[in-house]
Amino acid sequence: MKVKCLSVIIFSMLTFSSLAADNKNDLASFHKSMNGCKTCHALPNKVSDSETFENKQCKSCHGDYEKLANPKLEIDPHSSHLGDINCTSCHKGHEQPKLYCNECHSFKGLDMPFNKAKSKEPWDKGWDNEAINKAIAAGPKETTDVIVVGAGSAGFNAAIAAKKAGANVILLDKAPFSGGNSMLAAGGYNAVGTVQQKDHKVDDKIEWFVEDTMKGGRYANDPKLVQILAEQSADGIKWLESLGANMDDLKRSGGARVDRTHRPSGGLSVGPHIIDVLRKASDKEGVDTRLNSKVVKLVVDEDQNIVGVVIHGKHSGHYMVAAKSVVLATGGYGFNKEMVAFYRPTFKGMTSSNNITSTGDGIELAKAIGASMTDIDWIQAHPTVGKDSRILISETVRGVGAIMVNKDGNRFISELTTRDKASDAILKQPEQYAWLVFDNELYKKAKMVQGYDHLGMLEKANTISELAKITGMKESALENTASNYNRYFKQGKDEEFAREQMPLPLAKAPFYAVKVAPGIHHTMGGVAIDTKAEVLDIQSKPLIGLFAAGEVTGGVHGYNRLGGNAVADTVIFGKIAGANAAKHALNTK
Ligand code: MEZ
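Its first residue numbered 1, the sequence shown is counted upward by one per residue in full-length UniProt numbering.
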């Protein structure tokens, strides 16, 4: 077996791409010719929705991602921020491969093997009411205590909390990978009263966190939810650390009066790190995670109490699982063009920084059983999404010192203002885009910036005037902007826009610029919840057994979310939802 595997590895590594290029058949036919169906499948052939056995087979022969990442390739999908996801997310056995990276990036020349295979109808094509009704009529195939819908940060935190509270938990995600939109979170997690703040001598208060969040949300937030967010924020950091996360770096996000955004040391993006930690912790706790498993119905009894869900599995079809508690953690609707156009017509057609999974499923599921919605039409445009891509240029870049200028090279607002104000200001500039400009000191300090460079998103020059030439800005304007800004930096006072913090001047060559424009980033509204994360009906009474956390909910952020509050929300309310879901399930006969 060892020898056979080794020869398969060598064979694959040396000849896979070239052979594949000529092979009109799919990956399955290619493997079948080696050792029959059992090369990939357990026989008798029953593929689980998560395709677990098949993915183990891929790795046992080809090695894990670390091994597969090709150091000679400048950009290699096997070393991506998606982490350790299923090989079959991209390499489909019986159909055309799918390069998921290109849902956000546009990597050219990354040729997938077997790309001439036939594509199939997607298994997930919305709700099939006949199949749903049949599954309900057939009765539950399984019973568990808690079902968590959506495996992003809120879902993982809920699942782990419920498991730790003694419940049996099934965690479902419609995608072939877990992580959801959280996996793309770049900035960090806002918390007050942490060891990290103490170490950095940051003086902060729960009341300040509450005030900043309420002010940012234009006082439309539910104050009780904001109070919980602030009060439990430090515990959330400790919880993540107890699961293995590093949250030691500290910076300031827009709208916050002090540095309270925590992230992994070295300035790495927070999302991929915590998702990696949560995936491992959830597996360790024994959470039953099922991918390619879309929840298509919340099932209630005659009293509107939750009794389970109907799942549409990629391979198993429609089936019902009974549970006393369900946690919705499906995220927002920032990638659902129709919902965006419906709720916020002025944002119709705007680009989105969201993962393709953010399609508002939980909102539709909850609405169908009478859940109430809070601020459903409030959508946040993030001011700095890459102009020619869907890649978010994190607020961190401004937080650690970048300035923002218009197409001519003039600053037009404090870079640290809230997102709604910054987005509105960019949309008022000529051609509705802006440049973030920074120097080599910042480049060295923020690892994520090196990532943008790696992706080819940065313009680079040895002088400010050369940078202006390359980017089409007016040389004299950009030079003027830089020298004024450096003066404000020296005197510690921004005379033009009252920027609260100027960590770096524009001093050390080379200088960089990245072109940005507003893009849909967060949907603040969603299902109404109370302080126990119970979902409320239109009379504001809990729908018994239904809980929700994260971006699927409304109320925490008001009309505008502050940077760093989303990750905090997913962890804190994810934990609350999971713990209360477990309590309800275990206490209900
Ligand atoms: O919380 C966020 O959305 C955030 C901090 C994003 C970012 O700009 O990095």
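Every residue gets a Cβ at the ideal spot worked out from N, C-alpha and C, and that includes glycine.
Contact defined as beta carbons within less than 8 Å: I believe residue i pairs with residue j. What is the distance between those atoms, to the nearest angstrom?
i	j	result
VAL516	ALA585	In fact, because the Cβ distance is near 45 Å, the residues do not count as touching under 8 Å.
GLU95	ASP203	No, GLU95 and ASP203 are not in contact; Cβ-Cβ is about 57 Å, not under 8 Å.
LEU436	VAL385	Actually they do not touch by this definition, with Cβ atoms about 11 Å apart.
ASN69	PHE53	First, the residue type needs correcting, since residue 69 is Ala and not Asn in the sequence shown. That pair is no contact at about 24 Å.
ALA581	ALA158	7 Å
SER222	GLY555	Residue identity differs from the one stated: residue 222 is Asp in this sequence, not Ser. Confirmed, about 4 Å.
LYS407	GLY472	7 Å
ILE369	VAL300	5 Å
TYR545	ILE306	Here the sequence assigns Gly to residue 545, which means Tyr is not the residue at that position. About 3 Å separates the two Cβ atoms, so the contact holds.
GLN304	ARG260	Actually they are not in contact, since the Cβ atoms of GLN304 and ARG260 sit about 40 Å apart, beyond 8 Å.
ILE228	ILE529	No, ILE228 and ILE529 are not in contact; Cβ-Cβ is about 11 Å, not under 8 Å.
GLU285	LYS205	Not a contact, Cβ separation roughly 34 Å.
GLY525	ILE376	4 Å
ARG499	GLY254	The pair is not a contact, with the Cβ atoms about 11 Å apart (cut-off 8 Å).
Got a sec, what are the start and stop residues for the alpha helix (DSSP H) residue i sits in?
i	result
GLN450	447-454
ALA131	129-138
THR471	464-471
LYS367	361-367
ASP283	270-285
ASP235	233-243
ARG398	395-399
ALA509	Run containing ALA509: none; DSSP gives neither H nor E here.
ASP199	195-199
THR261	Careful: THR261 lies outside any alpha helix (DSSP H), inside the beta strand (DSSP E) at 261-263.
PHE156	153-164
HIS312	Counting along the chain, HIS312 falls outside any alpha helix (DSSP H), though it belongs to the beta strand (DSSP E) covering 306-313.
MET34	27-35
Considering only the beta carbon of each residue, do residue i and residue j sit closer than 8 Å?
i	j	result
ILE547	ALA577	Per the sequence presented here, residue 547 reads as Phe, with Ile not at that position. A contact, by the Cβ cut-off of 8 Å.
LEU416	ASN190	no
TYR152	ASN181	Just to set this straight, residue 152 is Gly in the shown sequence, not Tyr. Yes. Within cutoff.
ILE160	VAL270	no
ALA234	VAL192	yes
ARG263	GLY187	yes
GLY217	TYR559	yes
CYS40	GLN57	yes
ALA230	VAL210	yes
ALA461	ILE470	yes
GLY308	VAL327	no
ALA281	LEU243	yes
ILE413	MET457	no
ASP248	SER265	yes
residue 590	ASP212	Because residue 590 is not part of the residues shown, which for the chain are 1 to 589, the question remains open.
HIS312	LYS294	yes
MET373	VAL527	yes
SER80	PRO176	no
LYS108	CYS87	no
PHE438	GLY401	yes
ALA329	ALA549	yes
SER325	VAL47	no
ASN486	PRO503	no
LEU172	ALA371	no
LEU365	LEU298	yes
ALA477	GLY409	yes
ALA245	ILE274	yes
MET448	GLY179	no
Which residues mark the beginning and the end of the beta strand (DSSP E) in which residue i is found?
i	result
GLN380	379-386
GLU584	The question names Glu, but residue 584 is His in the sequence shown. Element bounds for HIS584: not the beta strand (DSSP E) but the alpha helix (DSSP H), 565-587.
TYR488	Where TYR488 is concerned, there is no enclosing beta strand (DSSP E), although the alpha helix (DSSP H) it sits in stretches over 475-491.
TYR419	Tyr is not the amino acid found at residue 419; the sequence shown has Arg there. Here ARG419 belongs to no beta strand (DSSP E); instead the alpha helix (DSSP H) covers 419-427.
TYR319	317-322
LYS297	293-300
GLU207	Run containing GLU207: none in the beta strand (DSSP E); it sits in the alpha helix (DSSP H), 206-216.
LEU546	542-548
ASP288	288-290
GLU534	534-536
PHE438	434-438
Can you find a CB in chain B that lies within less than 8 Å of the CB of residue i?
i	result
PHE347	No chain B is present in this structure, which holds just one protein chain.
How about residue i: is its Cβ closer than 7 Å to a heavy atom in the ligand ATP?
i	result
LEU240	This structure lacks the ligand ATP; the ligands present are the ligand MEZ.
Exercise for the section: Determine, using beta-carbon pairs with one atom in the segment 508-527 and one in the segment 327-336, whether at least three such pairs fall under 8 Å. Expected result: yes
Problem - the segment 348-361 touching the segment 498-513, judged by at least three CB pairs closer than 8 Å - result: no
Practice task
Count the CB pairs spanning the segment 414-428 and the segment 378-392 that are closer than 8 Å, and state whether there are at least three.
Solution key: yes
Problem - Touch test, the segment 395-412 against the segment 524-537, Cβ-Cβ under 8 Å, three pairs minimum - result: no
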